[in-house]
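Have a look at the structure below, then the notes.
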Amino acid sequence: PPPLIKQLKPGGRMVIPVGSRFMTQQLLTVDKRADNKVVSRQVMPVVFVPVTGRH
Numbered sequence: 006p007p008p009l010i011k012q013l014k015p016g017g018r019m020v021i022p023v024g025s026r027f028m029t030q031q032l033l034t035v036d037k038r039a040d041n042k043v044v045s046r047q048v049m050p051v052v053f054v055p056v057t058g059r060h
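Each residue of the sequence shown is one higher than the one before, counting from 6 in the numbering used here.
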């Protein structure tokens, strides 16, 4: 998302699950190079499971 990419510093990397909440998602890396070019790469399919409860 543009607001997250805007916060990413040159040389920085985000690793985020992208996709529907209850379906298989794609784990992406998003890198902002020193020249401010943004490059994303699909790493693998994942299923994000939210942590619930106190522990």
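The C-beta atom is built at its ideal place from N, Cα and C for all residues, glycine as well.
Compute the Euclidean distance between the alpha carbons of residue i and residue j, then round it to the nearest angstrom.
i	j	result
Leu-13	Asp-40	13 Å
Leu-32	Met-19	10 Å
Ser-45	Val-35	4 Å
Pro-8	Thr-57	27 Å
Comparing C-alpha positions only, which one of the options sits nearest to residue i?
i	options	result
Val-54	Lys-42, Pro-15, Val-23	Val-23
Phe-27	Leu-9, Val-52, Gly-17, Lys-42	Val-52
Lys-42	Pro-8, Gly-16, Leu-9	Gly-16
Pro-50	Pro-7, Ser-25, Pro-8	Ser-25
Does the beta-carbon of residue i have 16 or more other beta-carbons within 10 angstroms, so that it is buried, or is it exposed?
i	result
Lys-11	exposed
Lys-37	buried
Have a look at the DSSP bridge pairing and note the partners of residue i.
i	result
Asp-36	Arg-18, Val-44
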